[in-house]
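In our numbering, the protein residues as written are 9 to 88.
Heads up, the beta-carbon is just placed ideally off N, CA and C, and yes, glycines get one too.
Step one of this worksheet: look at the structure below.
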Amino acid sequence: MYELRCDPTVTAIWDSLPDAARTRLAHALMAVCEDPIAATQPYGVDDGVTRQLILDDTIAVLLVTAAMKRVRILQINHLG
9 MYELRCDPTV TAIWDSLPDA ARTRLAHALM AVCEDPIAAT QPYGVDDGVT
59 RQLILDDTIA VLLVTAAMKR VRILQINHLG
């Protein structure tokens with residue numbers, strides 16, 4: 009299981025999402041913490057490190073650090 013991390017600015021964006029989008033993102037991030045490569049898509053060049061989680065109304069850019077078993081949310085964009 010990977011540890012999920014984000015800074016206070018990203019947390020504030022996550023908290024400001026509409027309820028349904030926030031819930032979908034939380035559930036999707038649980039899957040990311042189980043297997044970040046399978047649950048995400050490459051962000052740009054597939055380096056296995058920078059990934060994106062694409063949902064119907066939200067996109068999150070993630071940094072996967074396999075050696076430390078960490079996923080850091082770099083950015084959240086709400087499309088709705």
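ARG30 sits away from ARG80, with the two beta carbons spaced by 8 Å or more. Membership of LEU37 in the alpha helix (DSSP H) is indicated by the continuous run 27 to 42. ALA74 is the residue among ILE21, ASN85, ALA74, GLY88 whose C-alpha sits nearest the C-alpha of GLU42. Looking at the DSSP output, ILE84 bridges to ALA68. In this structure, the beta-carbon distance from LEU37 to VAL57 does not fall below 8 Å.
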